[in-house]
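Below is one structure; the comments refer to it alone.
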Amino acid sequence: MRNTSGDRPVGHSSSVIRCYRKQVFVGREGGLEVWSRVAKAENRVAIENGVSEGWYRRNFVDKVEDSERGVIQKIEGGGDRLFVIREEVEGVEVWESSCSSAAVSVL
């Protein structure tokens, strides 16, 4: 799905949405986000309060330098990889997941 520039009002951004492997990838202008369902243990408070729709967490996939390369035009998934095409940029970005990936504390 894409909000094309010809249809959007002045001041609104362009977005690309792609669902792949139970996650939602969103390209907003040049930034890349992934929305994932929160695990049941983290969702316990919501269930106790009677909310059962599920909660999602947003994570930014790229760095500031990546988002400055250009507006995301298309997102596709295949295997353990995500392919990103940016407007006015030659080539395709390939993002690969890893079993050994982990969060790094900045504190």
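Position in the sequence shown counted from 1, then plus 7, gives you this note's numbering.
Cβ coordinates follow ideal geometry from the N, Cα and C atoms, glycine included.
Quick caveat, the model's predicted, so the values are computed rather than measured.
Just the Cα atoms here: how many angstroms apart are residue i and residue j?
i: Gln-80; j: Val-31; result: 16 Å
i: Gly-98; j: Glu-40; result: 20 Å
i: Ile-24; j: Val-101; result: 17 Å
i: Val-71; j: Gly-37; result: 9 Å
Hey, quick one: how far does the alpha helix (DSSP H) through residue i stretch, first residue to last?
i: Val-71; result: 71-74
Which of helix, strand or coil does DSSP assign to residue i?
i: Val-101; result: strand
i: Lys-81; result: strand
i: Arg-28; result: coil
i: Glu-40; result: strand
Leaving out five residues on either side along the sequence, give the residues of the same chain with a beta carbon under 7 Å from the beta carbon of residue i.
i: Asp-87; result: Glu-103 and Ser-104
i: Glu-94; result: Gly-77, Val-78 and Gln-80
Ends of the beta strand (DSSP E) at residue i?
i: Ser-21; result: Neither: Ser-21 is in no beta strand (DSSP E) and is coded neither H nor E.
i: Val-91; result: 88-93
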